[in-house]
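S.K.:
Number of protein chains: 2
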Amino acid sequence: MVNIGDVARAAGVSRSTASYALSGKRTISPEVRARVAEAVRDLGYTPNAGARALATSRTSVIALLGRFLSDEFAPAMLHYILGVTNRARELGYDTLLVSEDDGAGALLRISASRMVDGFVLLNVAEQDDRLPVLRGAPQPGALVGLPGDPDGLDVFDLDFPAAGAMMVDEMFAHGHRELILVSQPLHVVERGGAYVWRLADRARERAEELGIILHDYNGAAGQPEVGRDLNGFLDAHPSATGLLLNNEAAAAALPNVLASRGLTCPGDISVVGRYSDDFARMFSLSYSAVDSAADELGRRAVEALVASIDRGPSTSPAHVELIAPVIHDRGSIARPRG
Amino acid sequence: MVNIGDVARAAGVSRSTASYALSGKRTISPEVRARVAEAVRDLGYTPNAGARALATSRTSVIALLGRFLSDEFAPAMLHYILGVTNRARELGYDTLLVSEDDGAGALLRISASRMVDGFVLLNVAEQDDRLPVLRGAPQPGALVGLPGDPDGLDVFDLDFPAAGAMMVDEMFAHGHRELILVSQPLHVVERGGAYVWRLADRARERAEELGIILHDYNGAAGQPEVGRDLNGFLDAHPSATGLLLNNEAAAAALPNVLASRGLTCPGDISVVGRYSDDFARMFSLSYSAVDSAADELGRRAVEALVASIDRGPSTSPAHVELIAPVIHDRGSIARPRG
DNA sequence: CTGAAAGCGCTTACAG
DNA sequence: CTGAAAGCGCTTACAG
Chain A
1052 MVNIGDVARA AGVSRSTASY ALSGKRTISP EVRARVAEAV RDLGYTPNAG ARALATSRTS
1112 VIALLGRFLS DEFAPAMLHY ILGVTNRARE LGYDTLLVSE DDGAGALLRI SASRMVDGFV
1172 LLNVAEQDDR LPVLRGAPQP GALVGLPGDP DGLDVFDLDF PAAGAMMVDE MFAHGHRELI
1232 LVSQPLHVVE RGGAYVWRLA DRARERAEEL GIILHDYNGA AGQPEVGRDL NGFLDAHPSA
1292 TGLLLNNEAA AAALPNVLAS RGLTCPGDIS VVGRYSDDFA RMFSLSYSAV DSAADELGRR
1352 AVEALVASID RGPSTSPAHV ELIAPVIHDR GSIARPRG
Chain B
1052 MVNIGDVARA AGVSRSTASY ALSGKRTISP EVRARVAEAV RDLGYTPNAG ARALATSRTS
1112 VIALLGRFLS DEFAPAMLHY ILGVTNRARE LGYDTLLVSE DDGAGALLRI SASRMVDGFV
1172 LLNVAEQDDR LPVLRGAPQP GALVGLPGDP DGLDVFDLDF PAAGAMMVDE MFAHGHRELI
1232 LVSQPLHVVE RGGAYVWRLA DRARERAEEL GIILHDYNGA AGQPEVGRDL NGFLDAHPSA
1292 TGLLLNNEAA AAALPNVLAS RGLTCPGDIS VVGRYSDDFA RMFSLSYSAV DSAADELGRR
1352 AVEALVASID RGPSTSPAHV ELIAPVIHDR GSIARPRG
């Protein structure tokens, strides 16, 4: 393979001059610059990434650590991933996708071997065992998902409490006074899915403030269980007029459940969910929903990470950024009957 | 950061001896081996990936090139991706995920800079502009998806013609004599999604052989269009008793469509799809379906790729492997109403 | 404005 | 069984 020595020889200059001509890190005479550029073109030269990394301690690669739990909603993950990879590329970075179960071990291995310039952690848990490793690593990191202790870390997440309040407010404004909230299953919470209770707690609080009833449930994460759960909740509260869904599987299952009960939305019952627009489009879901902003969160995390990388090891002014929820209105909330 | 020189010093040996003790590439006395191992442990040594890549021309990284088309079924992609990343890790490789629109350009850039040892191409099109670049690259590759000209490449794909025949046979065996096939939209075909017609052509052929009627349609790839499409097809052929779906969005939309028409499955109409088990589980789809085998295809491609990498540049006995379709029975095919 | 040389951290013939 | 040295392909002080 052609290396910078070949380019230098072809251009009739030294290797250092060829290197500087390429990097632009010192002034080069126009003629030399042109000769080098020509040689690069003629020979089809591309710098060797490993050699460059060794010389500069920079790889132009970031690692993306996901947690892919078989009972969580895998398809939603892809939107976060593409947000990260696309934005990283725009900023000049490639992305190493890490899907190992042992995220902490993977982070340590990749950090120690200097394969990447930084880390993006997805689906961060309340108590996330990757965080101590990240804090001890020489490379910076950025998180998608708010951990219990975000100290010293750049964190991006949807403002789930605000989302919970917004969902209740929206229903209240339309005249609803008794609601059912369907969250993710309890084991998701126990595993560290703090967003579940962050949304639910605030929704409950807000309902109390407004003096309305909120029945708070955990639904299963897959079929057919969640369908049965939904039927159970509806059976238990026939006077409830609105449904809040913080559970993608429940949203996907709801059309069938309503149809089987002979209910129309929003005629018989109003619904508001929390999932991505893509998800809604793909799965025929015509429910208004708080967008999960997966793409934006991924992009923001990468931007913060690249800023940290460029800044170098410094007392980084780490910050937590909670993105304000936005409801995408699909007309599934109406005034309740009677 | 601690390097192999530090290890050597701590162990009281030369750097080369330390290196050999780690790689096991030559016999080392037990005492020396133990001292080196101890030094590695004490110092927390991990080899520098860039330096190793420079010295060995091996990175232990593979690149995974996806084509993420906004109107194709993105969530399904994740299963292919995880099949690749997980199997790669098992075999000692990390995975660079590449999502750029310009796949050919990305392949060239990554190949020329020697960032990876090989490539896995996902969602390969009939005429795929990444293939000429791959054929010219010094690193080997493996494809998921059968291109028009697979010559010299390791290719893995579902046997779509066999799947088409199987779907028709299954319906025929249950007594159905008039079927509707809903494929992906035409622009997916035009863009190179050959699997669409590979399945459809064989299904049509098989229907002819069996002397039964097959109405062949392309449905939209998203909501609400595909729902309208389905209603249109059902309106046009009231005597059809079976539905074949080679279109994920159609499968996701069908429950609502049937409910709105007051039809039950399989009481009023039989259905067989083609999508992954995960997809079915997540989206409440109780239709029997040919599994798309995403995870397996991803894993097989990685295995073939790693074999090529290990074999080194040789006259690789490239081969095309079409995985036999398997129908996962969910009881959605019954005898048609008398 | 340019060149010669050192160095990044490994691996691996070569020599003993 | 072990060591000294060259080399992988870059970048970047140092010197002019």
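The listed protein sequences derive, respectively, from chains A and B. With positions in the first sequence counted from 1, the corresponding number in the numbering used here is that position plus 1051. With positions in the second sequence counted from 1, the corresponding number in the numbering used here is that position plus 1051. For every residue, glycine included, the Cβ atom is placed at its ideal position computed from N, Cα and C.
1. If you run the structure through DSSP and keep just helix, strand and coil, what is A/Gly1169?
2. For the putative contact between B/Arg1181 and B/Gly1154, defined by C-beta atoms under 8 Å, what is the C-beta separation to the nearest angstrom?
3. Rounded to whole angstroms, what's the CA-CA distance from A/Asp1361 to A/Thr1107? Just pull it up for me.
4. Across the segment 1320 to 1327 of chain A and the segment 1254 to 1272 of chain A, are there enough close Cβ pairs to call them in contact, namely three or more that are closer than 8 Å?
5. In the structure shown, what three-state DSSP assignment does A/Leu1357 receive?
6. For B/Asp1342, tell me which candidate among B/Arg1077, B/Arg1228, B/Thr1097, B/Ala1127 has the shortest Cα-Cα distance.
7. Quick check: B/Leu1348 and B/Gly1324, are their CB atoms within less than 8 Å of each other?
8. Per DSSP, which one or two residues make a beta bridge with A/Gly1192?
9. Determine the chain B residues that contact A/Pro1306 at a beta-carbon separation under 9 Å, and present them in chain order.
10. Do you know offhand how far B/Pro1212's Cα is from A/Gly1243's?
11. Among residues of its own chain, excluding the 5 on either side of A/Arg1391, which ones have a beta-carbon nearer than 6 Å to its beta-carbon?
12. Excluding the five sequence neighbours on either side, which residues of its own chain have a C-beta within less than 8 Å of the C-beta of A/Ile1079, listed in chain order?
13. In whole angstroms, what is the alpha-carbon distance linking A/Ile1132 and A/Ser1111?
14. What runs of the alpha helix (DSSP H), each 4 residues or longer, lie entirely inside the segment 1186 to 1266 of chain B?
15. Going along the chain, which residues of its own chain have a beta-carbon closer than 7 Å to the beta-carbon of A/Val1308, five neighbours each way excluded?
16. As a quick exercise: from A/Tyr1338, A/Leu1116, A/Leu1204, A/Glu1177, pick the residue whose alpha carbon is nearest that of A/Glu1241.
17. I'd like to know whether the C-beta of A/Arg1118 is nearer than 8 Å to at least one C-beta of chain B.
18. Consider the Cβ of A/Thr1315: report whether some Cβ of chain B lies at a distance smaller than 8 Å.
19. Return the chain-ordered list of same chain residues with a C-beta closer than 6 Å to the C-beta of B/Leu1197, the five sequence neighbours on each side being excluded.
20. Fully enclosed by the segment 1294 to 1353 of chain A, which beta strand (DSSP E) runs are 3 residues long or longer?
21. Below 8 Å, can you find three or more Cβ-Cβ pairs linking the segment 1182 to 1195 of chain A to the segment 1224 to 1240 of chain A?
22. What would DSSP say about A/Thr1393, mapped onto helix, strand or coil?
23. Looking at C-alpha atoms only, which residue of A/Leu1373, A/Ser1339, A/Ala1059 is the closest neighbour of A/Ala1352?
24. For B/Ile1378, which three-state DSSP category applies?
25. Quick check on A/Gly1143 - is its C-beta less than 8 Å from some C-beta in chain B?
26. Does B/Arg1279 have its Cβ less than 8 Å from a Cβ in chain A?
27. Closer than 8 Å, CB to CB, is B/Gly1283 near chain A or not?
28. Pull up the distance between the alpha-carbon of A/Cys1316 and that of A/Thr1292, whole angstroms please.
29. Give me the chain B residues within the contact set of A/Gln1190, using Cβ-Cβ distance strictly less than 7 Å, ordered along the chain.
30. Just confirm the distance between the C-beta atoms of B/Leu1158 and B/Ala1139, as a whole number of angstroms; I'd bet it's less than 8 Å.
31. In angstroms, rounded to a whole number, what distance separates the CA positions of B/Gly1199 and B/Pro1183?
32. Going by DSSP, name the residue or residues bridged to B/Asn1269.
33. Please report how far the alpha carbon of A/Leu1314 lies from the alpha carbon of B/Pro1387, in whole angstroms.
34. Give the range of the alpha helix (DSSP H) segment to which A/Asp1093 is assigned.
M.R.: Reading from the atomic positions:
1. strand
2. Yes, they are in contact, since the Cβ atoms of B/Arg1181 and B/Gly1154 sit about 5 Å apart, within 8 Å.
3. 13 Å
4. Taking a contact to require three or more Cβ pairs closer than 8 Å, the segment 1320 to 1327 of chain A and the segment 1254 to 1272 of chain A do not qualify as touching.
5. In the sequence on display, residue 1357 of chain A carries Val and not Leu. A/Val1357: helix per DSSP, three-state reduction.
6. B/Ala1127
7. no
8. BP columns for A/Gly1192 point to A/Phe1170.
9. Pro1306, Asn1307, Ala1310, Ser1335
10. 45 Å
11. With chain A represented from 1052 up to 1389, any question about residue 1391 of chain A goes unanswered, as that position is not in the structure.
12. Thr1068, Tyr1071, Ala1072, Val1087
13. 18 Å
14. 1211 to 1224, 1237 to 1241, 1245 to 1261
15. Excluding positions up to five away in sequence, the list reads Gly1278, Leu1281, Asn1282.
16. Scanning A/Tyr1338, A/Leu1116, A/Leu1204, A/Glu1177 for the CA closest to the CA of A/Glu1241 turns up A/Glu1177.
17. no
18. Using beta-carbon distances, A/Thr1315 does not count as an interface residue toward chain B, since no partner is under 8 Å.
19. Closer than 6 Å at Cβ, skipping near neighbours: Val1206, Asp1208.
20. 1321 to 1325, 1339 to 1341
21. no
22. Any property of residue 1393 of chain A remains undetermined from this structure, which presents chain A solely from 1052 to 1389.
23. Among A/Leu1373, A/Ser1339, A/Ala1059, the Cα nearest to that of A/Ala1352 belongs to A/Leu1373.
24. strand
25. Using a CB distance cut-off of 8 Å, A/Gly1143 does not count as an interface residue toward chain B.
26. no
27. Judged by the 8 Å Cβ criterion, B/Gly1283 is not in contact with chain A.
28. 10 Å
29. Result: empty, since nearest Cβ-Cβ is about 11 Å, beyond 7 Å.
30. Not a contact, Cβ separation roughly 17 Å.
31. 12 Å
32. Paired residue(s): B/Ser1234.
33. In this structure, the CA atom of A/Leu1314 is about 29 Å from the CA atom of B/Pro1387.
34. 1081 to 1094
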